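Some notes on the structure that comes next.
2 protein chains.
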Amino acid sequence: MAQINPTVGDIARNTGLIKSNIHQAGESGAQLVVFGELALVGYPPKDLLLKKQFIKDNLIALQDIAGVCTDCAALVGFVARHQGDTGKALYNAAALLIDGQVKSVYYKQLLPTYDVFDESRYFHREISQQVFEFQDTRIGLTICEDIWQATELTSRPLYDIKPLALLSRAGVDMVINMSASPFVMGKHEFRRELFGGLCRNYQLPLIYVNQVGGNDDLIFDGCSCAFNRQGELIAQARDFTEDLLIIDTDSRESNRCEVLKTGIASIHAGLVLGLRDYATKCGFKTVTLGLSGGIDSAVTAALAVEALGADKVVGVSMPSRYSSDHSKTDAQQLARNLGMQYLTIPIEKAHRAMEEMLSEQFKDRTPDVTEENIQARVRGNILMALSNKFGHLVLTTGNKSELSVGYCTMYGDMAGGLAVISDVPKMMVYELAEYINREKEIIPSSIIHKPPSAELKPDQKDEDSLPPYAQLDEILKRYVEQEQSTADIIAAGFDEKTVRRIIQLVDRNEYKRKQAPPGLKVTSRAFGSGRRMPIAQNYQPRKS
Amino acid sequence: MAQINPTVGDIARNTGLIKSNIHQAGESGAQLVVFGELALVGYPPKDLLLKKQFIKDNLIALQDIAGVCTDCAALVGFVARHQGDTGKALYNAAALLIDGQVKSVYYKQLLPTYDVFDESRYFHREISQQVFEFQDTRIGLTICEDIWQATELTSRPLYDIKPLALLSRAGVDMVINMSASPFVMGKHEFRRELFGGLCRNYQLPLIYVNQVGGNDDLIFDGCSCAFNRQGELIAQARDFTEDLLIIDTDSRESNRCEVLKTGIASIHAGLVLGLRDYATKCGFKTVTLGLSGGIDSAVTAALAVEALGADKVVGVSMPSRYSSDHSKTDAQQLARNLGMQYLTIPIEKAHRAMEEMLSEQFKDRTPDVTEENIQARVRGNILMALSNKFGHLVLTTGNKSELSVGYCTMYGDMAGGLAVISDVPKMMVYELAEYINREKEIIPSSIIHKPPSAELKPDQKDEDSLPPYAQLDEILKRYVEQEQSTADIIAAGFDEKTVRRIIQLVDRNEYKRKQAPPGLKVTSRAFGSGRRMPIAQNYQPRKS
């Protein structure tokens with residue numbers, strides 16, 4: 008079970024990785040090595056798939072890999088051409104490589120088109136015989152979505168066939184699933200329950216190999232695993248890191264079974280991996296971020312240090328006339344605890360210059376959010392200048408609660424290349440802080456315990472503008488993740504005025520999220536490619 | 008033929024619009040009034056479709072509309088529920104409303120999943136009988152994509168059925184197509200050729216009703232039309248505006264046939280419509296933009312004045328120490344010609360403040376693009392402050408050539424709510440300027456004839472960094488719109504080094520485009536939802 012971390016589009020590098028895993032597996036006595044979905048091109052390749060040369064390069068690389076499969080066979084995910092006259096020109100496919108050749112090719116049967124998935128944009132779907140004989144074992148092959156069909160766990164079945172039922176009818180001894188299944192909190196527990204149930208139901212053992220690594224907004228957690236026909240776990244690869252797990256399909260005892268992270272520890276590990284991979288796959292060696300003395304930037308800094316090392320992270324304090332003393336000392340203490348580089352660049356000069364430049368235009372107007380945003384945008388300009396000059400990736404530090412209601416400034420605190428915690432609700436940010444401090448105080452407790460504030464005007468507190476975060480997060484979860492209606496949420500016992508106000512804020516701030524940097528997905532529904540809302544729209548639910 | 012401009016999601020407003028068109032058509036003696044695809048909810052509704060309440064509201068509204076169909080029948084596009092056990096829960100549907108009731112419902116047969124379309128994300132596809140009898144005429148009903156199947160005009164057929172062939176076999180007297188077909192240059196000419204050929208081929212008359220109006224990045228041009236069975240045009244509605252065209256399906260002579268705009272005039276009309284609708288559907292009354300004295304901002308300003316009126320457009324000159332005198336006078340002259348409001352806010356104070364604030368960090372470094380971006384971001388901050396204070400929509404002025412190669416500054420000149428000409432290549436910007444000046448000089452000729460410059464450092468010219476635009480645009484068209492490979496483009500006779508450099512720039516600047524505001528689509532492939540590239544990727548075509 009070769010759980011590798013491919014780079015999207017980097018066929019040369021992925022080929023090398025696949026070959027070295029085949030070599031290593033063969034050396035360890037493996038007879039068949041299984042890779043994840045589209046391992047050769049990395050998942051998701053998106054519109055790179057529309058380049059003919061890209062498809063050709065991937066086919067040449069597949070032949071190249073076949074050449075090393077002399078002692079050990081391999082199942083490799085790749086993009087096949089669909090030769091038929093009608094339909095999409097490609098298949099999401101897997102090749103069985105034996106004796107130096109591509110022996111046979113199998114196709115994904117179910118193409119997901121929901122959340123972040125757009126597979127029918129690229130791939131043709133063809134119901135085909137997905138069985139091959141290997142060393143006297145009849146193996147049924149499936150790719151990712153093909154086995155996500157259990158009506159008891161998911162909602163309405165989306166497809167008209169059940170590949171596992173077909174394989175069961177065809178009489179196979181074992182099922183293999185090659186996946187690129189993105190992480191969300193609780194996903195591996197969910198998979199275990201789902202897969203265990205499927206194995207029991209069909210009385211078939213299952214080998215599940217998943218991709219690992221971060222690709223843009225998606226984090227793949229790995230967690231490849233195997234089950235016997237009783238649905239018992241018989242092997243478990245690592246989470247959030249590459250792994251090559253050699254298993255004996257006959258003997259449960261001899262296999263390695265890693266213990267996996269759960270809950271907030273898994274979120275932490277996922278974010279660290281997503282951040283590290285985004286930076287390195289984009290070619291950045293260092294990152295920078297603003298340190299406000301608040302909890303969001305503290306958690307983001309700690310994640311960055313964990314991902315890249317303290318010497319690769321530059322924290323920048325950018326105090327204004329409204330910054331409290333504790334903000335500055337807290338930020339400095341945090342940087343010291345993390346051992347990261349720390350700069351202070353006060354924004355007063357540019358802040359005052361902007362006020363003077365706009366004074367004539369604004370002379371008859373009372374201060375409002377405009378003056379707050381100006382400060383945030385001066386800070387954005389500073390961080391981007393440091394990025395341009397020194398080649399740092401700028402990390403933004405906004406959480407999901409703020410981004411949901413638009414409590415953030417475009418081109419200000421939203422300026423940067425990666426939104427590390429933009430899918431982490433505020434209450435979960437606190438959990439992350441506690442987790443980061445599990446062994447010793449890294450994030451100063453004063454940062455954790457002070458009331459959140461943007462410090463963009465005197466004595467400002469988040470809760471002057473927003474309901475308490477515990478309440479806000481619960482409403483947002485229902486509205487954004489669960490698609491509950493206003494009426495549903497009010498019926499669940501939340502204050503009507505608050506619910507209506509929050510929902511209006513979420514709807515009205517779509518334009519801000521349109522321009523947000525990619526954010527690492529950790530919940531079942533993140534902003535970004537998994538939530539595609541029109542901006543110029545005006546849906547007002549009918550009053551019943 | 009009711010060519011209406013619905014607002015996405017605004018079921019109440021769209022219902023009113025549909026009812027008033029039915030009323031007016033009935034008054035004019037029409038027996039059947041046909042609306043566009045999903046007219047009731049506006050196209051594309053995107054993830055609003057995932058809200059159960061939204062679907063329910065749309066069904067209630069459909070009943071409401073049926074109630075007014077007493078004298079005149081109507082075909083209305085709406086979202087139907089799919090009652091089956093498996094598959095997506097919705098249909099892209101059309102209802103035949105007669106005698107105050109929903110008499111029958113028809114479904115879209117072919118669901119596009121390419122370019123900007125994601126219909127299999129939402130809709131179930133079901134092959135069904137799409138024929139109804141109306142006043143002794145057997146009518147075959149199709150929805151948009153259902154008739155886009157001509158193998159002679161498009162590439163590889165994407166679908167396994169041809170709805171027109173099925174209808175022809177079922178023996179219909181006429182075909183109706185209800186559409187929401189986005190504008191790109193040359194689209195209506197293409198449609199006429201395609202539809203005329205289909206009518207001749209199947210010996211069937213066709214009535215085609217399209218949506219009109221701008222919805223986010225998409226512009227719908229209307230251009231509804233009708234053909235007889237010889238493929239001759241027998242009626243033509245207006246382009247880029249609402250229209251209610253009453254036609255006699257038996258008599259070619261008595262029908263209205265509008266002359267449509269072509270070429271650059273159609274681009275101009277499309278951009279004006281897209282800009283006006285984005286602003287008004289988002290609730291903005293006024294817009295602002297930076298006037299640099301260059302051609303991009305001049306064309307954008309002229310489009311804005313055309314769309315909203317001169318009193319609704321605020322041009323802002325933000326000269327720096329590098330701005331030439333002619334830039335300032337040209338910008339002022341442009342504003343005077345257009346009759347728009349004109350402000351001057353020099354950026355020197357904030358520019359100098361930023362330099363001072365960063366001087367310690369930058370002290371051992373030579374100036375580079377960093378210093379240029381700082382100025383652009385000060386300007387972005389000014390425009391956004393004016394937007395925040397006065398409620399203007401900020402228009403960005405970058406063209407497609409710049410956006411392609413990243414010759415633009417995030418949070419600087421890319422800051423704003425709508426990118427008006429971001430799908431217009433630079434050479435086409437010149438054509439637009441000539442078109443705008445077709446009757447009198449609105450854009451000063453000095454703006455048109457000076458060499459393009461960002462004026463972010465002394466004596467800067469675009470062509471110091473980029474190849475001549477005529478050449479750049481041709482390479483970009485091949486790479487971005489036509490998906491040609493590096494090798495293809497070089498083989499077509501372009502300089503290898505230039506081609507490789509341009510393609511590398513396009514690929515490397517995906518992160519900038521990720522954060523760009525929505526841009527109005529006018530070419531066959533725009534950046535945005537029609538081009539979905541991964542950011543953290545590293546595809547390098549194999550050297551053959």
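Listed in order, the protein sequences are those of chains A and B.
For the first sequence, our numbering gives the first residue as 8, with consecutive numbering after it.
For the second sequence, our numbering gives the first residue as 8, with consecutive numbering after it.
By construction, the Cβ of each residue, glycine as well, lies at the ideal position given by its N, Cα and C atoms.
All values reported here derive from a predicted model rather than from experimental measurement.
Helix, strand or coil, according to DSSP, for residue i in the structure here?
| i | result |
| --- | --- |
| B:Val513 | helix |
| A:Leu24 | helix |
| A:Ser327 | coil |
| B:Tyr285 | helix |
| A:Gly84 | strand |
| B:Tyr442 | helix |
| B:Tyr215 | strand |
| B:Val376 | helix |
| A:Ala308 | helix |
| B:Leu400 | strand |
| B:Cys76 | coil |
| B:Arg538 | strand |
| B:Gln368 | helix |
| A:Gln10 | strand |
| A:Cys415 | coil |
| A:Gly322 | strand |
Anything in chain B within Cβ reach of residue i, meaning under 7 Å, just list it in chain order.
| i | result |
| --- | --- |
| A:Asn28 | Under the 7 Å cutoff, chain B gives no residues; its nearest Cβ is about 19 Å from A:Asn28. |
| A:Gln116 | Here the premise fails: no neighbours, minimum Cβ distance about 14 Å. |
Check the Cβ of residue i against every Cβ in chain A and list those closer than 8 Å, keeping chain order.
| i | result |
| --- | --- |
| B:Glu490 | Leu57, Lys58 and Lys59 |
Name the two residues that bound the continuous alpha helix (DSSP H) containing residue i.
| i | result |
| --- | --- |
| A:Asp611 | In the structure displayed, chain A extends from 8 to 551; residue 611 of chain A sits before or after that span and is not available. |
| A:Cys232 | Counting along the chain, A:Cys232 falls outside any alpha helix (DSSP H), though it belongs to the beta strand (DSSP E) covering Cys232 to Phe234. |
| B:Leu66 | Lys59 to Ala73 |
| B:Asp337 | Asp332 to Leu345 |
| B:Ile482 | Tyr476 to Leu483 |
| B:Leu410 | Lys407 to Val412 |
| A:Ile454 | Ser452 to His456 |
For a contact defined as C-beta to C-beta under 9 Å, what are the partners of residue i on chain A?
| i | result |
| --- | --- |
| B:Ile352 | Met364, Leu365, Glu367 and Gln368 |
| B:Leu165 | Thr93, Gly94 and Lys95 |
Using a cut-off of 8 Å between C-beta atoms, extract the partners of residue i located in chain B.
| i | result |
| --- | --- |
| A:Cys289 | Tyr518, Ile542 and Ala543 |
| A:Ser127 | Thr120 and Ser127 |
Since residue i is in the beta strand (DSSP E), which residue starts that stretch and which ends it?
| i | result |
| --- | --- |
| B:Ile105 | Leu97 to Ile105 |
| A:Asp258 | Inspection of the sequence shows that residue 258 of chain A is occupied by Ser rather than by Asp. No beta strand (DSSP E) contains A:Ser258, which DSSP labels as neither H nor E. |
| A:Ser111 | Gln108 to Tyr114 |
| A:Val294 | Val294 to Gly297 |
| B:Thr351 | Gln348 to Thr351 |
| B:Ala242 | Leu240 to Gln243 |
Residues of chain B with CB closer than 9 Å to the CB of residue i, please, in chain order.
| i | result |
| --- | --- |
| A:Gln467 | The contacting residues do not exist; A:Gln467 stays about 16 Å from chain B at best. |
| A:Met347 | The premise fails here: A:Met347 is roughly 16 Å from chain B at the closest Cβ pair, so nothing lies under 9 Å. |
Taking contact to mean 3 or more Cβ pairs, one atom from each stretch, closer than 8 Å, check whether the region 218-234 of chain A and the region 523-531 of chain A are in contact.
yes
Would you say the region 396-411 of chain A touches the region 500-507 of chain A, given that touching needs at least three Cβ pairs under 8 Å?
no
Counting pairs of beta carbons, one from the region 188-203 of chain A and one from the region 117-126 of chain B, are three or more of them closer than 8 Å?
no
May I have a chain-ordered list of the alpha helix (DSSP H) segments no shorter than 4 residues that lie completely inside the region 119-204 of chain B?
170-177
Touch test, the region 103-111 of chain B against the region 58-74 of chain B, Cβ-Cβ under 8 Å, three pairs minimum:
yes
Do the region 340-352 of chain A and the region 320-327 of chain A make contact, defined as three or more Cβ pairs closer than 8 Å?
yes
Would you say the region 118-134 of chain A touches the region 202-210 of chain B, given that touching needs at least three Cβ pairs under 8 Å?
no
Does the count of Cβ pairs from the region 50-69 of chain A and the region 535-549 of chain B closer than 8 Å reach three?
yes
For the 8 Å Cβ check, are there 3 or more pairs between the region 164-175 of chain A and the region 83-92 of chain A?
no
Looking at C-beta atoms only, is the number of pairs between the region 47-56 of chain A and the region 16-28 of chain A that lie closer than 8 Å three or more?
yes
Does the region 510-522 of chain A come close enough to the region 23-33 of chain B that 3 or more CB-CB pairs lie under 8 Å?
no
Taking three-plus beta-carbon pairs below 8 Å as touching, is the region 299-318 of chain B in contact with the region 330-344 of chain B?
yes
Does the region 412-427 of chain A come within contact of the region 375-387 of chain A, defined as at least 3 CB pairs closer than 8 Å?
yes
Taking one C-beta from the region 248-265 of chain B and one from the region 450-470 of chain B each time, how about it: are there three or more such pairs within less than 8 Å?
no
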